[in-house]
Amino acid sequence: MARKDDYYNRAKQEGYRSRAAYKLKQLDETAGLISRGDTVVDLGAAPGGWLQVARELTADAGIVVGVDLQRIDAVEGVETVRGDMTEDETKAELREIVGEGGADVVLSDMAPNMTGEYTLDHARSVHLARQAFETALDLLGSGGDLAVKVFEGPDVADLREEMEREFEYVRAVHPEASRDASSELYLVAKGRLTAPVRAGDTLEVGIEDTGREGDGIAKVEGFTLFVPGTEPGEEVRVTVTDVKPRFGFAERVE
Ligand code: SAM
């Protein structure tokens with residue numbers, strides 16, 4: 002296992018612009034974020050270590066876009082935007098670049114300028130993480146993933162809970178390449194949910210079809226809900242029990 006300060010030297014030797022590059026490699030190994038051909042948006046991307054890694058992982062076949070307050074020296078095959086992610090103008094520019102197809106992965110390594118006053122630094126970090134979360138909701142297609150840096154503290158729990166409502170699941174990851182004393186963690190949210198329903202919702206549905214396993218199939222605004230123990234033609238009241246990016250399950254309420 003590499004000593005933490007070895008990452009700096011390793012980055013120099015291996016041609017990465019920052020030691021942070023290894024954090025993205027470790028996040029990707031842990032959570033399976035980036036695949037060949039993906040559209041990846043990287044917020045707080047300067048000096049560009051994550052952009053280099055994202056480019057490798059998309060294998061020259063995808064679209065990689067980096068945004069930062071600071072200028073980012075050109076990275077081959079990567080588009081960059083100089084802008085502030087707390088401003089609507091930057092978000093709109095990003096939306097334009099990503100286009101109709103949406104993004105597969107949104108990454109944020111944004112960090113505030115540190116004041117040394119923990120409560121303030123924590124609050125600012127959570128604010129930036131929220132900007133990344135909002136951007137992810139806007140840009141990610143169904144099933145897309147978000148990984149966002151945040152400094153540990155009391156406001157992380159609320160943010161995580163909000164993220165849990167919008168993704169299949171969320172986990173906290175501390176990459177080995179983060180410095181020893183660092184309070185940073187990454188919230189990794191997998192499987193963006195765009196379904197018009199959420200677990201716990203109760204609604205009336207019409208059963209239209211039967212699935213391969215014999216469950217009734219209802220459509221809610223085009224979204225497929227499997228309802229065991231029902232038949233086509235029935236109108237039933239159901240409670241949604243589980244929602245995946247492309248389908249969900251519900252049970253009949255008597
Ligand atoms: N992941 C990068 C890499 O691998 O080279 C390192 C990112 S560095 C830790 C954090 C970056 O977040 C800084 O470059 C900073 O300028 C940027 N940042 C902070 N607030 C921002 C904001 N509101 N909009 C855009 N970038 C921001």
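In our numbering, the protein residues as written are 2 to 255.
Every residue, glycine too, gets a C-beta built ideally from N, C-alpha and C.
Residue 297 Cβ short of 8 angstroms to ligand 1 heavy atom set:
Nothing in the structure corresponds to residue 297, since the chain is present only between 2 and 255.
Below 8 angstroms on the Cβ atoms is my guess for residue 111 versus residue 129; work out the distance and round it to an integer in Å.
Sure, about 4 angstroms apart at Cβ, within 8 angstroms.
Rounded to the nearest angstrom, what separates residue 194 and residue 136 at their Cα positions?
Taking the straight line joining both Cα atoms gives about 14 angstroms.
Three CB pairs or more closer than 8 angstroms across the region 197-210 and the region 238-249:
Note that the region 197-210 touches the region 238-249; at least 3 beta-carbon pairs, one per stretch, sit closer than 8 angstroms.
Under 9 angstroms between C-beta atoms of residue 109 and residue 43:
Yes. Within cutoff.
Write down every uninterrupted run of the beta strand (DSSP E) in the region 17-91 whose length is 3 residues or greater and which is fully enclosed by it, in chain order.
Secondary structure remark: continuous beta strand (DSSP E) runs of at least 3 residues inside the region 17-91, in chain order: 40-44, 64-69 and 79-83.
Can you list, in chain order, the residues of its chain whose CB lies under 6 angstroms from that of residue 17, leaving out five sequence neighbours each side?
Non-local beta-carbon contacts of residue 17 in its own chain, meaning distances under 6 angstroms to residues more than five positions away in sequence, involve 50 and 53 in chain order.
Any heavy atom of ligand 1 within a distance shorter than 8 angstroms of the CB on residue 56?
Not so, every heavy atom of ligand 1 lies at least 8 angstroms from the Cβ.
DSSP state of residue 186, grouped into three classes?
Strand, per DSSP.
What ranges does the alpha helix (DSSP H) occupy inside the region 107-161, keeping only unbroken runs of at least 4 residues that lie completely in it?
For the region 107-161, whole alpha helix (DSSP H) runs of length 4 or above, ordered along the chain, are 119-140.
Run of the alpha helix (DSSP H) containing residue 13, from where it starts to where it stops:
Annotation: the continuous alpha helix (DSSP H) that includes residue 13 extends over 7-15.
For residue 203, I'd like the list of residues in its chain whose CB is within less than 8 angstroms of its CB, leaving aside the five on either flank, ordered along the chain.
These residues qualify, in order along the chain: 238, 239, 240, 241 and 254.
Verify the contact flag: residue 86, CB atom, against every heavy atom of ligand 1, threshold strictly below 8 angstroms.
For ligand 1, at least one heavy atom lies less than 8 angstroms from the Cβ of residue 86.
Collapsed DSSP secondary structure at residue 95 in the structure displayed:
DSSP places residue 95 in helix when its eight states are reduced to three.
Where does residue 254 sit, in a helix, a strand or coil, going by DSSP?
Taken through DSSP and simplified to helix, strand or coil, residue 254 comes out as coil.
Which residues share a DSSP beta bridge with residue 207?
Answer is 236.
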